[in-house]
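Notes for the one structure printed next.
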Amino acid sequence: MDTFIDICVAIAFFGVAIYLYFLPSTIARKNFHPDAGAIFLVNFLLGWMLIPWVICLAWANKEKEPIDLKNGDVVFGKKYKSCPYCGETVLSVAIKCKHCGSDISSKPEVSDA
Numbered sequence: 651m652d653t654f655i656d657i658c659v660a661i662a663f664f665g666v667a668i669y670l671y672f673l674p675s676t677i678a679r680k681n682f683h684p685d686a687g688a689i690f691l692v693n694f695l696l697g698w699m700l701i702p703w704v705i706c707l708a709w710a711n712k713e714k715e716p717i718d719l720k721n722g723d724v725v726f727g728k729k730y731k732s733c734p735y736c737g738e739t740v741l742s743v744a745i746k747c748k749h750c751g752s753d754i755s756s757k758p759e760v761s762d763a
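Residues in the sequence shown are numbered consecutively from 651, following the working numbering.
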């Protein structure tokens with residue numbers, strides 16, 4: 651019976667150890683970090699050392715820098731445009747702005763006055 655408990659404890663220990671080892675990679679992937687692949691690679695190859703693991707953890711938790719989008723830019727495979735009324739970024743296929751609620755299916759009329 652003691653052997654069974656020892657095996658269960660060992661399996662639980664290694665499961666938690668593997669989870670903690672890949673924690674930076676998991677955080678980066680869940681946050682859609684643009685460098686998630688690089689974080690995984692460094693974490694996989696050098697994560698067994700404490701300093702690279704801590705660096706990967708900090709890197710994974712780093713805030714993404716805001717992206718300055720222009721009309722027609724593509725980010726993560728999706729095309730974006732700016733709302734002509736509030737200037738916020740929305741998907742190019744949007745017909746209503748999610749920020750201000752304006753109808754953006756057609757361009758607003760601009761007067762030359």
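From the three backbone atoms N, C-alpha and C, an ideal C-beta is built for every residue, glycine too.
In DSSP terms, what residue i is bridged to
i: Y730; result: L741
i: K746; result: D753
DSSP state of residue i mapped onto helix, strand, coil
i: K712; result: coil
i: D685; result: coil
i: K680; result: helix
i: C736; result: coil
i: F672; result: coil
i: W703; result: helix
i: G697; result: coil
i: V760; result: Bear in mind that a pLDDT of 47 at V760, under 50, signals an unreliable position, so the model cannot answer this.
Where residue i falls, given that 16 or more other Cβ within 10 Å makes a residue buried
i: A710; result: buried
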